[in-house]
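Structure record follows, encoded as C-alpha cells.
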Amino acid sequence: MFAITFDINEALVVLKPLMLFVAVMVIYSIFIFKFYRFLARKDIFKLNLNQYNRAKHPLFIKTLSVIFYLIEYILLFPLFAFFWFAVFVVLLSFMAKNQPIESIMLVSISVVGVVRVTAYYNEDLSKDLAKMLPFALLGIFLLDISFFSFSESIETLKQIPTIAGILIYYLTFIISLEFILRIGSGLFFHKKDKKEEQPPVVFEEDLD
C-alpha cells in the first residue's frame with residue numbers, strides 16, 4: 004500500500020545526524036566512565052614510585068620514599084585536581100543558565116572536594132557522586148537539546164581569567180584537603196593495624 008523508495012542521498016541526510024549523535028554520546032559516556040572511576044578512587048595514583056627506591060641505608064630509604072610521595076601529591080595531584088575542576092566547570096557552564104562564573108566555580112570545587120572526601124569513606128558512594136553531574140547533563144541534553152546555548156556558555160567561561168585569584172585559592176584548598184585526608188587515613192589505619200597485631204589477653208581463669 005505504501006510506495007517505499009530508497010534514495011542513498013536522502014538516507015545520508017537522514018542518518019548523518021543520527022550517526023553524529025551516537026558517536027558523540029559514546030565518546031562522552033566512555034570519557035565520563037573513565038573519569039568518575041578515576042576521580043572516586045581513594046588511591047589515585049598506581050605509579051608505585053617506591054619500586055625505584057634502591058637505597059640500602061634506612062635513612063636514605065625513608066628520604067627517597069618521602070621524595071616519591073611528594074612527587075605524586077605535590078606535582079601530579081595538582082595537575083589532576085585542576086583537570087577535574089575544569090571538567091566540572093565546563094559541564095556546569097552548560098547546565099547552569101545565567102549563573103555567574105563565581106557560583107559555577109564554587110559548586111565545581113565543592114563537588115571535587117566531596118568526591119575526594121567520600122572516597123576515603125566509601126569508594127562506591129564517591130563513584131555515585133562523581134558520575135551524577137556528568138550523566139545528569141547527558142539526560143538534560145537528550146530530553147531538551149534546546150536547553151543548551153553554546154554561545155552563552157562560552158561567554159561565561161571567558162570570565163574565568165578575571166577571577167584567577169579565586170581559582171588559586173580553590174586549588175590550594177583541594178590540595179590541602181587531599182593531604183589532610185591522606186595523613187588522617189594513614190594514621191587511622193596505622194593505629195588499626197597495631198591494635199590487630201596485639202595478642203589477646205589471657206587470664207589465669209582461662210588456663211584452669
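When we follow my numbering, the leftmost residue of the sequence shown carries the number 4, and every step to the right adds one.
Every residue, glycine too, gets a C-beta built ideally from N, C-alpha and C.
Note that this is a predicted model, so its numbers are computed, not measured.
Exposed unless 16 or more other CB atoms sit within 10 angstroms - verdict on residue i
{"i": "S179", "result": "exposed"}
{"i": "T175", "result": "exposed"}
{"i": "H60", "result": "Reliability of the predicted coordinates at H60 is poor, the pLDDT of 47 falling under 50, and the value obtained from them is presented with this limitation in mind. Exposed."}
{"i": "S156", "result": "buried"}
{"i": "T113", "result": "Looking at the sequence provided, one finds Ser at residue 113 rather than Thr. Burial call: exposed."}
Residues of its chain near residue i, where Cβ-Cβ distance is below 8 Å and the 5 sequence neighbours each way are ignored
{"i": "S106", "result": "A99"}
Under the three-state DSSP convention, the category residue i falls into
{"i": "N125", "result": "coil"}
{"i": "I177", "result": "helix"}
{"i": "P74", "result": "Checking the sequence shown, residue 74 turns out to be Ile, not Pro. DSSP places I74 in helix when its eight states are reduced to three."}
{"i": "A89", "result": "helix"}
{"i": "L84", "result": "At residue 84 the sequence reads Ala, which differs from the Leu that was named. A84 falls in the helix class under three-state DSSP."}
{"i": "R44", "result": "coil"}
{"i": "D10", "result": "coil"}
{"i": "K19", "result": "helix"}
Residue i versus residue j: straight-line alpha-carbon distance, rounded
{"i": "L15", "j": "L21", "result": "10 Å"}
{"i": "L160", "j": "D10", "result": "43 Å"}
{"i": "L184", "j": "V25", "result": "40 Å"}
{"i": "F38", "j": "V93", "result": "14 Å"}
{"i": "E13", "j": "I148", "result": "24 Å"}
{"i": "I35", "j": "E181", "result": "22 Å"}
Cβ neighbours of residue i in the same chain (closer than 7 Å, five flanking residues each side left out)
{"i": "K45", "result": "A122, Y123, E126"}
{"i": "L128", "result": "T121"}
{"i": "S143", "result": "Per the sequence shown, residue 143 should be read as Ile rather than Ser. Excluding positions up to five away in sequence, the list reads M98, F150."}
{"i": "Y239", "result": "Outside the modelled stretch of the chain, which goes from 4 to 211, sits residue 239, for which no answer is possible."}
{"i": "A43", "result": "V118, A122, E126, S129, K130, A133"}
4 or more residues per run - each alpha helix (DSSP H) lying fully within the region 135-170
Listed in chain order, they are 153-160.
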